[in-house]
Amino acid sequence: MVATSHDVMPDIELYQPTDEANALDLANELGSDGWLLGGGQDT
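Just so you know, we're using the numbering used here here: the sequence shown kicks off at 79 and counts up by one.
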């Protein structure tokens, strides 16, 4: 028996806008292809 593995998570591009205006511009640019994630203070 031969086992194969497949990556579960697709490749992503991570953007870290520095302020609200940049975040909103990026969200508008990416549209429904982008996901907005928030929370935490990790820098």
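Quick reminder that beta carbons are idealized off the backbone N, C-alpha and C, glycines included. Keep in mind the model is a prediction, meaning the values are calculated, not measured.
Coil, strand or helix - residue i by DSSP
i	result
G109	helix
D103	helix
E91	coil
Beta-carbon spacing of residue i, residue j below 8 Å
i	j	result
G112	A105	yes
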